[in-house]
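Enquirer: Sharing a structure here in structure tokens format.
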């Protein structure tokens, strides 16, 4: 009997995972835990043959002596919470869900852009207070004819560009790997420098990976090169933005608005530890400041969060585990690679 432990499982995860477990090709004993895997909870995984993790779990080098698992099934595209080097040393196979919600994230990013451009947060708050008057504070702008700059043209970034083109916007993009054929087909202009995106864009949407080169790419220097009133959308990685620089840009009115579905300290702040149990006080001063701006939208990493995405995550995770079962039988020497192994 193969023992599988799923960590950081919410009720909505279980809703999609549980029916698919019956499709596993080996007899299994399954545990669904709400706990996150870390140094304090690693004992919960000590007897597992396979563990399945999400983005807030953590498998560090010193934890491996407490594990006997042969596979780690990540329920995410990212895998930076797993020590891949130690997995390789110990022969532990790792699989990811490389693409589960590009449409969900792209649609969400564009929706945030419209929300900022038309000042919907302020409008909703005024309506709730029975203030239905029109004032200059609610004056927005049309998307048509404006320039949007997109950083990163992977699957999500490309979809974002295509949706913005539907609004008859001028779309410019920056990526170290240019897909010129796709760009020509979709009316997207690649530019050679980040500075050109900063200087030309009315809206900037971030979909780049978090690499050392991209860390804090939106910083004080970058903001100084942007148009006055620029809107910044981040559904990519929190570390792409220097939060303090963003706050200063909003305070000075250089930045006209920002929408953040990710945040550089989100492992702490978006993980439900940012509220005191007793009084609901936000402990993160920077996040508190952002939430106080009327032209800032903050969502808790929910861009991917659709029925379609959760179904795909569950389906690919179970498929990855089945592939592990099959290849383990075919290659008892453990000399094989899984289709969705992390690409580093």
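Residue numbers (UniProt numbering): 1 to 344. Glycine included, every Cβ here is placed at the ideal spot set by N, Cα and C.
1) Between 337, 340, 330 and 317, which has its C-alpha nearest residue 5's C-alpha?
2) Apart from the five residues just before and just after residue 32, which ones in its own chain have a Cβ nearer than 6 Å to its Cβ?
3) Please work out which residues of its chain come closer than 7 Å, Cβ to Cβ, to residue 121, disregarding the five sequence neighbours upstream and downstream, and give them in chain order.
4) Enumerate in chain order the residues of its own chain whose CB-to-CB distance from residue 361 is below 7 Å, with the five nearest sequence positions on each side excluded.
5) Kindly give me the distance between the Cβ atoms of residue 26 and residue 2, rounded to whole angstroms, as I take these residues to be in contact under 8 Å.
6) Note down the Cα distance separating residue 135 from residue 146, rounded to an integer number of angstroms.
7) Answer with buried or exposed for residue 263, where buried requires no fewer than 16 other C-beta atoms within 10 angstroms of its C-beta.
8) With H, G and I counted as helix, E and B as strand and the rest as coil, what does DSSP make of residue 163?
9) Quick one: what's got a C-beta closer than 6 Å to residue 217's C-beta in the same chain, skipping five residues either side?
10) Would you say residue 179 and residue 152 are within 8 Å of each other, going by their C-beta atoms?
11) If you drop the 5 nearest sequence neighbours on each side, which residues of the same chain put their C-beta closer than 6 Å to that of residue 130?
12) Keeping to the same chain, check which residues put their C-beta closer than 7 Å to that of residue 102; ignore five residues upstream and five downstream.
13) Helix, strand or coil for residue 74 per DSSP?
Expert: Well, looking at it:
1) 317
2) 6, 9 and 14
3) 115, 294 and 297
4) Because the chain in this structure spans residues 1 to 344, residue 361 falls outside the shown range and cannot be described.
5) 5 Å
6) 23 Å
7) buried
8) helix
9) 240
10) no
11) none
12) 155, 156 and 159
13) strand
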